[in-house]
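Asks:
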Amino acid sequence: MAKASTHRVPSTRKASIDRITLPDLTDDDGSQLRSGDGREAERYTDVDLDGRDLTGISFGECEFGKVPLHEAKLRGASFAECLMTDLHAPVFSAPRSSWRDVRIEHARLGSVAAYEATLRSVHIDGSKLDFVNLRNATLTDVLLSNCIIEEFDLGSATVQRLELQNCRIGTLDVGGAKLKDVDLRSSDFSAVHGLEGLRGATLDDAQLSLLAPLLAAHLGLRIE
């Protein structure tokens, strides 16, 4: 008698987030920051960077606390092994930026332009973001926990090991995205655009039930 198949569907892999341990830091008032600078092992607290041109700047092993970044120009900026708390920016502009081993806590950001950015081992916790544009970005090992995001645009992004824990998402756009090990369980979202881009995501039963009408419309199914 033939044996029943014992093939197991592999479980969703979790995001691997490295622990960040900073060295002794030097306090800096930010007055000498310039585009293209390379800064290491510095602490910025209550430093107003609103509107500053920081194009292509790089920060390594730095800490940011209560730093306003409204309309600061961070195109091509690089952040590695950095801790950030209480960031504030109605407009946060960081296209084509790089984020590696970064933890962001209690941020309040409005429009986030981070298209074509690269995120690796990034944890964002307890933050409120209005519109997040990560189109054509590359995300690897990213964890979002206890966050509220009104619009989350991952259109045409390449995403591997993304976890959303206890998050509330208004609209999720995954049109043209390439997802692998993307865990959306334990989070709520009101609408999804680009349903075909959900391939590679993990949902729970309740989420699947909420998506049923959208899936039916997408496939041209009539439910009577």
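Going by full-length UniProt numbering, 207 is the number at position 207 of the sequence shown; the sequence numbering is gapless. All C-beta atoms in this analysis are idealised placements derived from N, C-alpha and C, irrespective of residue type, glycine included. The model shown is predicted, which means the values in this text are computed figures rather than measured ones.
Within this structure, are the beta carbons of residue 232 and residue 40 separated by less than 7 Å?
Replies: Residue 232 falls outside the range modelled here, since the chain spans only 1 to 224, and no answer is possible.
Asks: Short of 8 Å in beta carbon distance, which residues of its chain neighbour residue 33, apart from the five on each side in sequence? Order them along the chain.
Replies: Excluding sequence neighbours, residue 33 sits near 39, 49, 52, 54, 57.
Asks: Does DSSP classify residue 196 as helix, strand or coil?
Replies: Reduced to three states, the DSSP call for residue 196 is helix.
Asks: Would you kindly check if the distance between the Cβ of residue 102 and the Cβ of residue 82 is under 7 Å?
Replies: Yes. Within cutoff.
Asks: Where does residue 169 land, buried or exposed, given buried means 16+ other C-beta within 10 angstroms?
Replies: Its Cβ being crowded by 16 or more others within 10 Å, residue 169 is buried.
Asks: Determine the direct distance from the alpha carbon of residue 212 to that of residue 107, and round the result to whole angstroms.
Replies: When rounded, the distance between both Cα atoms is 33 Å.
Asks: Among residues of its own chain, excluding the 5 on either side of residue 171, which ones have a beta-carbon nearer than 6 Å to its beta-carbon?
Replies: Closer than 6 Å at the Cβ level, and outside the excluded window around residue 171, lie 151, 191.
Asks: Whole-angstrom Cβ separation of residue 116 and residue 96, contact assumed at under 8 Å?
Replies: Contact flag correct, Cβ pair sits at about 5 Å.
Asks: In the DSSP output, which residue or residues are listed as bridge partners for residue 123?
Replies: Answer is 103, 143, bridged to residue 123.
Asks: The beta strand (DSSP E) that contains residue 90, what's its start and end?
Replies: Its beta strand (DSSP E) spans residues 88-93.
Asks: What residue from 142, 207, 136, 195 has the CA that sits closest to residue 217's CA?
Replies: Nearest option by C-alpha distance: 195.
Asks: Classify residue 223 as buried or exposed, calling it buried when 16 or more other Cβ atoms lie within 10 Å of its own Cβ.
Replies: Classification of residue 223: exposed, given that the 10 Å Cβ count is below 16.
Asks: Closest by CA to residue 24, which one among 63, 13, 37?
Replies: Out of 63, 13, 37, 63 has the C-alpha closest to the C-alpha of residue 24.
Asks: Could you check how far apart the C-beta atoms of residue 163 and residue 134 are, in whole angstroms? I think they sit under 8 Å.
Replies: With a Cβ gap of about 15 Å, residue 163 and residue 134 do not count as contacting.
Asks: Hey, how far is the Cα of residue 173 from the Cα of residue 153?
Replies: Computed Cα separation, rounded: 5 Å.
Asks: First and last residue of the beta strand (DSSP E) that includes residue 136?
Replies: Unbroken run through residue 136: none, as it is neither H nor E.
Asks: So if DSSP puts residue 116 in a beta bridge, which residue, or which two residues, is it bridged to?
Replies: In DSSP, residue 116 forms no bridge with anything.
Asks: Which of the three DSSP states, helix, strand or coil, is assigned to residue 23?
Replies: If DSSP states are grouped into helix, strand and coil, residue 23 belongs with coil.
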